[in-house]
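Participant: I am attaching a structure below and will ask some questions about it afterwards.
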């Protein structure tokens with residue numbers, strides 16, 4: 032299950048960023064395409080395991096699934112595929128192998144909060 036090694040890399044990267052900025056990570060946002068070769072459910076499960084005993088324990092992994100988009104030369108347009116088994120333009124039927132989106136495995140954002148919030152102004 033290579034999702035565990037991917038999850039461990041995500042946690043390691045987020046931990047480094049949290050330490051660098053002195054913040055706590057509440058959520059890691061990720062874009063994931065079907066051609067990335069990663070099963071979203073397995074990655075979510077692995078993420079929870081990878082976070083155990085780290086400063087990311089209790090954080091969330093938020094996955095945005097990215098559809099497969101290809102370029103159709105016949106239509107001169109980007110098209111979204113309905114199936115990853117059929118790489119043909121859904122409008123004209125022309126076969127295409129020019130993938131624009133769908134291979135993503137990208138961390139897009141970290142939800143953070145200050146690790147040590149300061150006392151409110153005027154408090155004793």
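Numbering (our numbering), first residue to last: 32 to 155. Quick reminder that beta carbons are idealized off the backbone N, C-alpha and C, glycines included. Predicted, not measured: the structure shown is a model, and the values here were computed from it.
Check whether the Cβ atoms of residue 87 and residue 75 sit closer than 9 Å, and answer yes or no.
Facilitator: The residue given as residue 87 occupies position 56 in the chain shown. The residue given as residue 75 occupies position 44 in the chain shown. Going by C-beta atoms, residue 87 is not nearer than 9 Å to residue 75.
Participant: Whole angstroms are fine: how far does the CA of residue 70 sit from the CA of residue 84?
Facilitator: As a first step, residue 84 is located in the chain shown; it is residue number 53 there, counting from the start. As a first step, residue 70 is located in the chain shown; it is residue number 39 there, counting from the start. Going from the Cα of residue 84 to the Cα of residue 70 covers about 24 Å.
Participant: Does the segment 98 to 115 touch the segment 54 to 61, meaning 3 or more C-beta pairs lie closer than 8 Å?
Facilitator: Taking 8 Å as the limit for Cβ pairs, the verdict is that the segment 98 to 115 does not touch the segment 54 to 61.
Participant: Since residue 73 and residue 48 should fall inside the 8 Å C-beta cutoff, what is the C-beta to C-beta distance between them, to a whole number of angstroms?
Facilitator: Counted from its first residue, the chain shown places residue 73 at position 42. Counted from its first residue, the chain shown places residue 48 at position 17. With 8 Å as the limit, residue 73 and residue 48 do not qualify as a contact, their Cβ atoms being about 24 Å apart.
Participant: What is the C-beta distance between residue 97 and residue 133, in whole angstroms, given that I count them as a contact (C-beta under 8 Å)?
Facilitator: As a position in the chain shown, residue 97 is number 66, starting the count at 1. As a position in the chain shown, residue 133 is number 102, starting the count at 1. About 6 Å; that satisfies the 8 Å criterion.
Participant: For residue 52 versus residue 143, is the C-beta distance shorter than 9 Å?
Facilitator: Along the chain shown, read from residue 1 onward, the residue named residue 52 stands at position 21. Along the chain shown, read from residue 1 onward, the residue named residue 143 stands at position 112. It is a contact, given that the beta carbons lie within the stated cut-off.
Participant: Identify whether residue 144 lies in helix, strand or coil by the three-state DSSP scheme.
Facilitator: Position 113 of the chain shown, counting from 1, holds the residue named residue 144. DSSP places residue 144 in strand when its eight states are reduced to three.
Participant: Tell me the rounded alpha-carbon separation between residue 46 and residue 68.
Facilitator: Counting from 1 along the chain shown, the entry for residue 46 is found at position 15. Counting from 1 along the chain shown, the entry for residue 68 is found at position 37. Cα-Cα distance, rounded: 25 Å.
Participant: Report the three-state DSSP secondary structure of residue 62 (helix, strand or coil).
Facilitator: Here residue 62 is taken as the residue at index 31 of the chain shown, counted from 1. Looking at residue 62 - three-state DSSP - the assignment turns out to be strand.
Participant: In chain order, what residues of the same chain have a beta carbon less than 8 Å from the beta carbon of residue 121, not counting five sequence neighbours either side?
Facilitator: In the chain shown, counting from the first residue as 1, residue 121 sits at position 90. Excluding positions up to five away in sequence, the list reads 110, 111, 112, 113.
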